[in-house]
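Trainee: Everything in the sequence shown is counted per numbering that gives the first Met the number 0, starting at 0 for the first residue and increasing by one. Glycine included, every Cβ here is placed at the ideal spot set by N, Cα and C. Here it is, the structure in full.
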Amino acid sequence: MTTPKDDDATGGPVALAFAPIHKLALGVSVGLVAGLLLFALTLGHVAFDPRHGEFLALLAQYFYGYTISPAGALVGLFWGFVTGFVAGWFLAFVRNLAIAVTIFALRTR
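Rendered as structure tokens:
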């Protein structure tokens, strides 16, 4: 059972809505998901349709060493993680910065 005094001590739901996002945690989670998706997509393509992979082969333009092969799937796992990590970290950074600037602007009014 919570009392109004308990809600004030924890900050309540409003404070949780504006709490900063942990940049490292979001970066790692988005990186893992992106890396595993690229890994699974490459291996699935190798297993089911290895001859027609023009659209997937275009990733080699962005990811050094990527090919449509089992070894390329490991390279894709690495580059997918790196790209996803940077994207997740940057997303958390921008969101935290936007919240901080908004709170600062509202408090200085």
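Count the other C-beta atoms from every protein chain shown that fall within 10 angstroms of the C-beta of His51, then say buried if there are 16 or more, exposed otherwise.
Mentor: Label assigned to His51: exposed.
Trainee: To the nearest angstrom, how far is the alpha carbon of Val74 from that of Ala97?
Mentor: Val74 and Ala97: Cα-Cα distance of roughly 34 angstroms.
Trainee: Would you kindly report the start and end of the unbroken alpha helix (DSSP H) that includes Gly52?
Mentor: Premise fails: Gly52 is in no alpha helix (DSSP H) and is neither H nor E.
Trainee: Could you check whether Ser28 and Gly71 sit closer than 8 angstroms to each other, using their CB atoms as the reference points?
Mentor: Result no, Cβ atoms of Gly71 and Ser28 do not sit closer than 8 angstroms.
Trainee: Write down the C-beta distance between Gly80 and Gly30 rounded to the nearest angstrom, noting that I regard them as a contact closer than 8 angstroms.
Mentor: Rather than Gly, the amino acid found at residue 80 in this sequence is Phe. The Cβ separation is near 4 angstroms, so the contact holds.
Trainee: Output needed for Thr62: all residues of its chain with C-beta closer than 7 angstroms, excluding positions within five of it in sequence on either side, in chain order.
Mentor: The sequence shown places Phe at residue 62, not Thr. Hits under 7 angstroms: Val74, Gly75, Trp78.
Trainee: Short of 7 angstroms in beta carbon distance, which residues of its chain neighbour Ile20, apart from the five on each side in sequence? Order them along the chain.
Mentor: Cβ neighbours of Ile20 beyond the five flanking positions: Ala91, Arg94, Asn95.
Trainee: Drop a sphere of 10 angstroms on the beta-carbon of Ala16, count the other beta-carbons inside from all chains shown, and report buried for 16 or more, exposed for fewer.
Mentor: Looking at its Cβ environment, which holds fewer than 16 other Cβ atoms inside 10 Å, Ala16 is exposed.
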